[in-house]
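Start counting the sequence shown at 861; every next residue gets the next number (our numbering). Note that CB positions come from ideal geometry on N, CA and C, so glycine has one too.
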Amino acid sequence: PVTSRTARVWAGTRPENAASQRVLERAGFTREGLLRGRLPGPDGTRVDSVQYARLATDELR
């Protein structure tokens, strides 16, 4: 488990950042979904974010 006091840790990355997604998956995070328009982008646009999480109850991989 992550810790006995931490219930959930989350992280996000841009969809095109495959390297960061691999790092999160190797660290035991589970992909939970795509958040459309989550992050500020260039010129006032919004860009998507891929959401990952790790729960205290998750086993180490």
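| Query | Result |
| --- | --- |
| Cβ separation of residue 913 and residue 885, assumed to be a contact under 8 Å, to the nearest whole Å | Not quite, the Cβ-Cβ distance comes to about 12 Å (not below 8 Å), so this is no contact. |
| 6 Å CB neighbourhood of residue 915 in its chain, flanking five on each side removed | 868 |
| Residue from 865, 882 and 887 whose Cα sits closest to the Cα of residue 920 | 887 |
| Nearest-angstrom Cα separation, counted from residue 903 out to residue 871 | 24 Å |
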